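Trainee:
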Amino acid sequence: MEDHPGGDEVLLSATGKDATNDFEDVGHSDSAREMMDKYYIGEIDPSTVPLKRTYVPPQQSQYNPDKTSEFVIKILQFLVPLLILGLAFVVRNYTKKE
């Protein structure tokens with residue numbers, strides 16, 4: 001699998017099914033077709049192939065309150081100094097006019 005130019009993800013996504021259409025859609029070279037003979041395992045028994053593939057939704061990451069609090073801390077680290085700088089500017093201008 002490490003030698004596959006498309007990476008192992010491509011091969012793993014075609015496991016458990018007839019990958020003939022996937023192979024043909026990519027448009028492999030003649031040398032790739034010759035290599036197929038070396039890795040040929042056998043014919044697929046059509047009775048073992050499911051008629052319809054069941055949809056498996058991708059796993060979504062769970063809500064992580066720790067990441068939310070990290071985000072709030074980063075925002076505060078930016079806004080608090082900016083607020084202090086703005087307040088100092090206002091106080092300076094207010095005291096300068098009097």
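Counting along the sequence shown from 1, when you hit position 61 you're at 61 in the UniProt record's numbering, and nothing is skipped either side.
Beta carbons are placed, not taken as given, at the ideal position from N, Cα and C, and that holds for glycine.
Given the structure is predicted, the values throughout are model-derived calculations rather than measurements.
Taking contact to mean at least 3 C-beta pairs separated by less than 8 Å, is the segment 15-24 in contact with the segment 42-55?
Mentor: In short, these stretches touch, since the Cβ pair count reaches three.
Trainee: Is the CB-CB distance between Ala14 and Asp22 below 8 Å?
Mentor: The residue given as residue 14 occupies position 14 in the sequence shown. The residue given as residue 22 occupies position 22 in the sequence shown. A contact, by the Cβ cut-off of 8 Å.
Trainee: Rounded to whole angstroms, what's the CA-CA distance from Gly86 to Leu11? Just pull it up for me.
Mentor: Position 86 of the sequence shown holds residue 86. Position 11 of the sequence shown holds residue 11. Rounded to whole angstroms, Gly86 to Leu11 spans 57 Å at the Cα level.
Trainee: Does DSSP put Asp37 in a helix, a strand or coil?
Mentor: By one-based count along the sequence shown, residue 37 stands at place 37. Looking at Asp37 - three-state DSSP - the assignment turns out to be helix.
Trainee: May I ask you to report which of helix, strand or coil DSSP gives residue 124?
Mentor: The requested residue 124 does not occur in the structure, where the chain is confined to residues 1 to 98.
Trainee: If you draw a straight line from the C-alpha of Tyr55 to the C-alpha of Val49, how long is it?
Mentor: If you number the sequence shown from 1, residue 55 lands on position 55. If you number the sequence shown from 1, residue 49 lands on position 49. For Tyr55 and Val49, the distance between alpha carbons rounds to 15 Å.
Trainee: Assign Ser69 to one of three DSSP states: helix, strand, or coil.
Mentor: Start at 1 with the first residue of the sequence shown, and residue 69 comes out as number 69. Helix at Ser69.
Trainee: Between Pro57, Ser69, Pro5, Asp25, which has its C-alpha nearest Met35's C-alpha?
Mentor: The residue you call residue 35 lines up with position 35 of the sequence shown. Taking only the C-alpha atoms, the option nearest Met35 is Pro5.
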